[in-house]
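A.B. asks: Start counting at 1 in the sequence shown, then tack on 758, and there's your number in this note's numbering.
Note that CB positions come from ideal geometry on N, CA and C, so glycine has one too.
Handing you this structure, nothing more for now.
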Amino acid sequence: GFSGCYSCNTNIGFPYSERCWQPWLTRQLKVNALVAQPQADLARRSGRVDVSRALSSQVRTVPDFDREVTVPLHGFRDLEDYYDQMSLHALGKLRRVRVPLL
Numbered sequence: 759g760f761s762g763c764y765s766c767n768t769n770i771g772f773p774y775s776e777r778c779w780q781p782w783l784t785r786q787l788k789v790n791a792l793v794a795q796p797q798a799d800l801a802r803r804s805g806r807v808d809v810s811r812a813l814s815s816q817v818r819t820v821p822d823f824d825r826e827v828t829v830p831l832h833g834f835r836d837l838e839d840y841y842d843q844m845s846l847h848a849l850g851k852l853r854r855v856r857v858p859l860l
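The structure is reproduced here in structure tokens:
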């Protein structure tokens, strides 16, 4: 696989990450974005995030969280659009890098 910085869409669905680190990270994201102040107020006031659903047990992985919270809150079309915007490989970003990457 590739690092998340290169291709977020490629990294969706790896069983190891879904079992080992995503549940923990998703719980932290829920607390930090939907429970802690003032971030929780932003999500609630936006009217774009179903906070009850996002806090539910149905949202177990980082892609689940991104689909329910990050995408609507920040106005991305869908999860693929968000991950393309965040990935180095998409939209010709790699060709525009001027400083060598490790």
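V829: which of H847, V807, L813, S845 sits nearest, CA to CA?
C.D. replies: With distances taken between Cα atoms, V829 lies closest to V807.
A.B. asks: Looking only at its own chain, which residues have a Cβ that is under 6 Å from the Cβ of E776, when we skip the five neighbours before and after it?
C.D. replies: Answer for E776: T819, listed in chain order.
A.B. asks: Which whole-angstrom value describes the C-beta separation of D822 and Y840, a residue pair presumed to lie in contact below a C-beta threshold of 8 Å?
C.D. replies: Not confirmed; about 13 Å, so no contact.
A.B. asks: Report yes if the CB atom of A791 is closer than 7 Å to the CB atom of V827, and no otherwise.
C.D. replies: Contact: yes.
A.B. asks: Using the Cα positions of R811 and R802, report the straight-line distance between them to the nearest angstrom.
C.D. replies: Distance between the alpha carbons of R811 and R802: 12 Å.
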